[in-house]
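Q: My structure is below; once you've seen it, I'll send some questions.
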Amino acid sequence: MTAYTKPLPRPTDVDNAPYWLAARNGVLECQCCGHCGRFRFPAAPICPFCRSRGARWKALSGRGVVESFCRFHKAYWPAFAADLPYLVVQVRLDEGVRLYSNLIDVPDDQVRIGLQVEASFEAVTTDVTLVKFRLAAPAGA
Ligand SMILES: [Zn+2]
């Protein structure tokens with residue numbers, strides 16, 4: 017593994033540590049409210065829907081659709097300069113939560129809103145595995 021120079025999350029933050037631990041194990045997990053049962057992302061101590069405290073972490077399907085995307089032509093962080101231009105996608109997962117990430121193995125000119133995608137896990141350091149997305153396998157495959 018080469019040195020990763022892009023910004024990294026801090027997986028030791030109390031609220032988000034379970035997310036990063038699950039990602040390291042190839043599982044996409046989010047908090048699920050113990051009161052109303054809705055998933056939320058990013059992790060937070062209070063449910064944004066019912067304002068209850070308490071949540072449990074649950075695995076998600078990892079499947080969703082590209083809801084939006086944009087192409088970056090400027091490197092706001094020097095380590096991204098070599099990637100320009102690059103796409104950032106907003107994925108709405110089947111469980112309703114939205115993540116911002118990148119697509120892998122999808123040519124930029126084939127990216128469109130509504131594209132069915134699934135989570136893919138990229139270990140960038142020994143501690144951090146990023147959740148990215150690739151084209152979804154057909155249902156039942
Ligand atoms: Zn709730």
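By this note's numbering, the letter at position 5 of the sequence shown is numbered 21, and the numbering carries on one by one without gaps.
Cβ coordinates follow ideal geometry from the N, Cα and C atoms, glycine included.
Just so you know, these numbers come straight off a predicted model, no measurement behind them.
1. Within the present structure, is the beta-carbon of F13 separated from the nearest heavy atom of ligand 1 by less than 7 angstroms?
2. Please determine, among A95, L24, R114, D31, the residue with the shortest C-alpha to C-alpha distance to G78.
3. Return the bridge partner residues of W36 from the DSSP annotation.
4. What does the Cβ neighbour count give for Y92, buried or exposed, with the cut at 16 atoms within 10 Å?
5. With a Cβ-Cβ cutoff of 8 angstroms, do L119 and F149 count as a contact?
6. Just verifying my parser: in three-state terms, what is the DSSP assignment at F88?
7. Evaluate D39 with the Cβ neighbour count: other Cβ atoms within 10 Å of its Cβ, from every protein chain shown; 16 or more gives buried, anything less gives exposed.
8. So S68 packs on I129, CB below 8 angstroms; how close in whole Å?
9. Give the straight-line distance between the Cα atoms of S97 and H51, rounded to the nearest whole angstrom.
A: Here's the rundown:
1. No answer is possible for residue 13: the residues shown for the chain start at 17 and end at 157.
2. Position 62 of the sequence shown holds residue 78. When each option's Cα is compared against that of G78, the closest is R114.
3. Counted from its first residue, the sequence shown places residue 36 at position 20. Paired residues: none, contrary to the question.
4. Against the sequence shown, residue 92 aligns to sequence position 76. Exposed: under 16 other Cβ atoms inside 10 Å.
5. Within the sequence shown, the letter at position 103 stands for residue 119. Within the sequence shown, the letter at position 133 stands for residue 149. Going by C-beta atoms, L119 is nearer than 8 angstroms to F149.
6. Here the question's residue 88 lines up with position 72 in the sequence shown. Three-state result, F88: strand.
7. If you number the sequence shown from 1, residue 39 lands on position 23. Before going on, a small fix: residue 39 reads as Ala here, not Asp. Classification for A39: buried.
8. Numbered from its first residue, the sequence shown carries residue 68 at position 52. Numbered from its first residue, the sequence shown carries residue 129 at position 113. That belief does not hold up - the Cβ atoms of S68 and I129 are roughly 33 angstroms apart, past 8 angstroms.
9. Position 81 of the sequence shown, counted from the first residue, corresponds to residue 97. Position 35 of the sequence shown, counted from the first residue, corresponds to residue 51. The displayed chain sequence assigns Ala, not Ser, to residue 97. Distance between the alpha carbons of A97 and H51 is about 44 angstroms.
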